[in-house]
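Residue numbers (the working numbering), protein chains in the order written: chain L, 1 to 300; chain F, 301 to 627.
As structure tokens, then:
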């Protein structure tokens, strides 16, 4: 068994190294700076079909919307569960439902988004066709569904952080005459800032790497197409794509037969995700040094 | 009025607000199940639960659905989706079984065997593997692994043996299950190694004092002690494996075919589809009502299997409570 364990352990390291090195080699081979900064264009040949600026912007927009929607809800839920949590059956239901969200496949979340946002009530949020059919696809809709992906990591991190705050801090605040909500706002939340940061970064990396939701809900146009005339809002209501769907579309599985572009975009995606990972470790290590406590992350 | 909002809130109002937001999440989940179930209803109405069973040509049924318009006759709603369900069970089953073996070995390696410098390397490696997006796994699969399998591993007699039914191109069960194993291993390694680290060191010392050598001690003591964690890892990884859509769609060949174990080794090279990959394949046609109901029925099945896995994990952990190292 010793030999097997060594083989498996070293084997995993080799596989991970192989993936990173291979993607790195291919990425450097095919990535040119003008790819990152030029828009995709319709063209018969690969040389003219432009880069992936729009998909890159699409990823950033979706991540922003997802985090903005998810973080307040997750923090409120975590505070309520840890600090209040009455009646207890309701607390159990809320915790279980967040676990259900964490375990739901992203394609099911995408279909759920389609089902909800194709109701006529939500027509202002996306494209409508002339016959009155609501498409149910836009950046804001995809972003809202992405927030379901980011919700469990932020919730879990905040809850764990709040649970590690020692009771005597709360009691000291109450002894000074603070109400519960003020204690939360002024004492506890600043303490768990790094935990929230870790959770947010984990949520961001989940959103970055997701393809299915973008494929179904963001409209699938190569460029960012705006809808309506209010600046800013028209992008939110508009359609586009993300780096992940760009990679998917350019691979042999999608329509495009442009593996070079796919490799280049995949390299950029991998670099982003690795940077986010590094950020998580940095935040964890720095806060552990500051507070002298172990963030309790274990291996992952 | 703004002044009233800016004064410190009474605790009851804050509690109700926070509780309301939390309730929103729970309501959202119920809404998710409800919406998916309502959209999937036509399939259940027409087929009952029989749409899970094998039956006449799934390929034909799906193309009928795609071609039908808004007022499709009831017969178009017939569905026998067993090949897809079988494909899901196959890929996820193989991936979870392989993954557990690999993860337990890797976790034991990281926690017990590796010295400190190697441990410092392995932990970031696992984190890296866990955070790679599935589309990159799919890209490497379809651009590197599939051509390798197609040109070097599949032999001509194997191709000929199934050529009336299906083409062997390298995309298929083997590659899909292999990459799926690689995708779910980091989750399991994280859970299992965390559990291994919480086993009290005195237990191992006791076993060694009784004469076991350290590795035997790990097998005898630790692996039994972390059984709840292994159950949790199986559940989490199983849910992830069942729901993986994009990577499987890229490397599994996209045919409504149920790979036959009778074929021997060729079995691993046969193409298939899973529930999630079919949803990705046909998401363009979601306008057609029969196809829409079918895709939502698949989604409902995926949702229920994720829920069922959680419940099973909880039930499996119950009798193991007395072995838990932390209360």
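Glycine residues also receive a C-beta, built at the ideal position from the N, C-alpha and C atoms. Source: prediction; values computed, not measured.
Less than 8 angstroms separating the beta-carbons of residue i and residue j?
i: residue 247/L; j: residue 439/F; result: yes
i: residue 381/F; j: residue 358/F; result: yes
i: residue 166/L; j: residue 199/L; result: no
i: residue 468/F; j: residue 386/F; result: no
i: residue 511/F; j: residue 80/L; result: no
i: residue 219/L; j: residue 239/L; result: yes
i: residue 84/L; j: residue 303/F; result: no
i: residue 312/F; j: residue 588/F; result: no
i: residue 612/F; j: residue 441/F; result: no
i: residue 82/L; j: residue 159/L; result: yes
i: residue 471/F; j: residue 564/F; result: no
i: residue 264/L; j: residue 53/L; result: no
i: residue 136/L; j: residue 117/L; result: yes
i: residue 517/F; j: residue 508/F; result: yes
i: residue 216/L; j: residue 583/F; result: yes
i: residue 567/F; j: residue 384/F; result: no
i: residue 58/L; j: residue 224/L; result: yes
i: residue 377/F; j: residue 342/F; result: yes
i: residue 449/F; j: residue 571/F; result: no
i: residue 196/L; j: residue 157/L; result: yes
i: residue 214/L; j: residue 244/L; result: yes
i: residue 475/F; j: residue 435/F; result: no
i: residue 70/L; j: residue 203/L; result: yes
i: residue 492/F; j: residue 403/F; result: yes
Using DSSP with H/G/I as helix, E/B as strand and the rest coil, what is residue i?
i: residue 277/L; result: helix
i: residue 60/L; result: helix
i: residue 215/L; result: helix
i: residue 27/L; result: helix
i: residue 303/L; result: The requested residue 303/L is not part of the displayed model; chain L covers only 1 to 300.
i: residue 572/F; result: strand
i: residue 72/L; result: helix
i: residue 225/L; result: strand
i: residue 40/L; result: strand
i: residue 553/F; result: strand
i: residue 13/L; result: helix
i: residue 85/L; result: coil
i: residue 506/F; result: helix
i: residue 50/L; result: strand
i: residue 118/L; result: coil
i: residue 91/L; result: helix
i: residue 428/F; result: helix
i: residue 513/F; result: coil
i: residue 147/L; result: helix
i: residue 607/F; result: helix
i: residue 521/F; result: helix
i: residue 293/L; result: The predicted model places residue 293/L with a pLDDT of 49, which falls under 50 and marks its position as unreliable; any figure quoted below should be read in that light. The answer is coil: DSSP assigns residue 293/L none of H, G, I, E or B.
i: residue 307/F; result: coil
i: residue 456/F; result: helix
i: residue 617/F; result: helix
i: residue 254/L; result: coil
With 8 angstroms as the threshold, decide whether the Cβ of residue i is near any Cβ in chain C.
i: residue 438/F; result: Considering every chain present, this structure includes no chain C. Its protein chains are L and F.
Is residue i near the ligand FAD, going by C-beta to nearest heavy atom under 7 angstroms?
i: residue 555/F; result: For the structure depicted, the ligand FAD is absent and the ligand set is empty, with no information on it obtainable.
- Residues of the segment 249 to 276 of chain L with Cβ closer than 8 angstroms to any Cβ of chain F, in chain order: 251, 252, 253, 259, 262, 263, 266, 269, 270, 273, 274 and 276
- Residues, ordered as in the chain, of the segment 498 to 512 of chain F that lie near chain L by beta-carbon distance below 7 angstroms: Against chain L - using a Cβ distance shorter than 7 angstroms - the segment 498 to 512 of chain F contributes no residues.
- Quick one, which residues of the segment 156 to 184 of chain L are near chain F if we go by CB-CB under 9 angstroms, in chain order? 178, 179, 180, 181, 182 and 184
- Touch check for the segment 391 to 402 of chain F and the segment 481 to 489 of chain F: three-plus C-beta pairs under 8 angstroms? Touching, yes, given that three or more Cβ pairs across the two stretches are closer than 8 angstroms.
- Query: Which parts of the segment 312 to 396 of chain F are runs of the beta strand (DSSP E), unbroken and 3 residues or longer, counting only runs that do not cross its ends?
  - Reply: Correct list: empty.
- Query: Would the segment 22 to 37 of chain L and the segment 163 to 178 of chain L be scored as touching if the rule is three or more Cβ pairs under 8 angstroms?
  - Reply: no
- Task: Identify each residue in the segment 435 to 459 of chain F for which the Cβ-Cβ distance to at least one residue of chain L is less than 9 angstroms, and report them in chain order.
- Result: 435, 436, 437, 438, 439, 440, 442, 443, 444 and 446
- Query: Closer than 8 angstroms, Cβ to any Cβ of chain F: which residues of the segment 212 to 226 of chain L, in chain order?
  - Reply: Under the 8 angstroms Cβ criterion, the segment 212 to 226 of chain L contributes 212, 215 and 216.
- Kindly confirm or deny that the segment 566 to 581 of chain F and the segment 540 to 548 of chain F touch, where touching means at least three C-beta pairs closer than 8 angstroms. yes
- Task: Could you tell me whether the segment 495 to 503 of chain F touches the segment 416 to 433 of chain F, using the rule of 3 or more Cβ pairs below 8 angstroms?
- Result: no
- Task: Scan the segment 22 to 39 of chain L for residues whose Cβ lies nearer than 8 angstroms to a Cβ of chain F and list them as they occur along the chain.
- Result: 22 and 23
- Query: Taking one C-beta from the segment 529 to 536 of chain F and one from the segment 332 to 341 of chain F each time, how about it: are there three or more such pairs within less than 8 angstroms?
  - Reply: no
- Query: Can at least three beta-carbon pairs, one atom from the segment 596 to 613 of chain F and one from the segment 92 to 112 of chain L, be found at a separation below 8 angstroms?
  - Reply: yes
- Item | Under 8 angstroms (Cβ pairs) to chain L, residues found in the segment 377 to 395 of chain F | none
- Going along the segment 551 to 581 of chain F in order, which residues come within less than 7 angstroms of chain L, judged by CB to CB distance? 576, 579 and 580
- If contact means a Cβ-Cβ distance below 7 angstroms, which residues of the segment 46 to 71 of chain L contact chain F? none
- Message: Can you pull out the residues from the segment 308 to 320 of chain F whose beta carbon lies closer than 7 angstroms to at least one beta carbon of chain L?
- Response: 308, 309, 311, 314, 315, 318 and 319
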